[in-house]
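Structure follows, in structure tokens:
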């Protein structure tokens with residue numbers, strides 16, 4: 420039997436604006452992973468110990484100047500792990516977001532997000548540059 424796909428949700432949104440509907444997130448993951456078994460672990464801060472490297476990192480946070488530091492730190496800790504941001508931007512769209520992807524993220528969605536959009540973005544992160552499935556997801 421295959422090992423379950425390991426996903427880490429790091430929740431650093433103190434305002435709750437980037438809150439994730441947990442059942443909706445699970446449905447998005449099930450859809451993206453094509454029925455493959457997965458484990459979803461949640462951390463509220465990085466001082467908590469993680470015994471294994473995840474295969475996918477979901478970062479839930481509000482858009483702010485200090486948020487980039489956390490994204491870079493996570494990228495340094497797990498350089499081979501794709502990071503999808505679940506981002507709340509509050510009022511208006513920051514100019515730097517209009518310039519492209521926030522530093523340290525491979526992709527992102529603005530919260531609240533559509534379940535299908537999140538599933539598509541997660542699925543895309545699981546493929547390599549040639550479109551080959553890296554994790555044998557059907």
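Numbering (our numbering), first residue to last: 420 to 557. Glycine included, each C-beta is placed from N, C-alpha and C at the ideal position. None of these values were measured; they are calculated from a predicted model.
Rounded to whole angstroms, the separation of the alpha carbons of residue 454 and residue 525 is 23 Å.
An exposed status is given to residue 472, since fewer than 16 other beta-carbon atoms sit within 10 Å of its beta-carbon. In its chain, beyond the 5 residues on either side, 452, 455, 456, 457, 458, 474, 475, 554 and 556 have a beta carbon closer than 8 Å to the beta carbon of residue 424. Taking C-beta separations shorter than 6 Å and ignoring five residues to either side along the sequence, the partners of residue 446 in its chain run 534, following chain order. When C-alpha distances from residue 443 are compared across 501, 495, 532 and 546, the shortest belongs to 532.
By the neighbour-count criterion, in which 16 or more other beta carbons inside 10 Å mark a residue as buried, residue 540 falls on the buried side. In the three-state reduction of the DSSP assignment, residue 492 falls in the helix class. A straight line joining the alpha-carbon of residue 503 with that of residue 530 spans about 12 Å.
The DSSP-derived three-state label of residue 481 is strand. Secondary structure note for residue 443: its alpha helix (DSSP H) is the uninterrupted segment 441-451. For the options 500, 494 and 428, the alpha carbon positioned closest to that of residue 546 is the one of 500.
Boundaries of the beta strand (DSSP E) around residue 428: 424-430.
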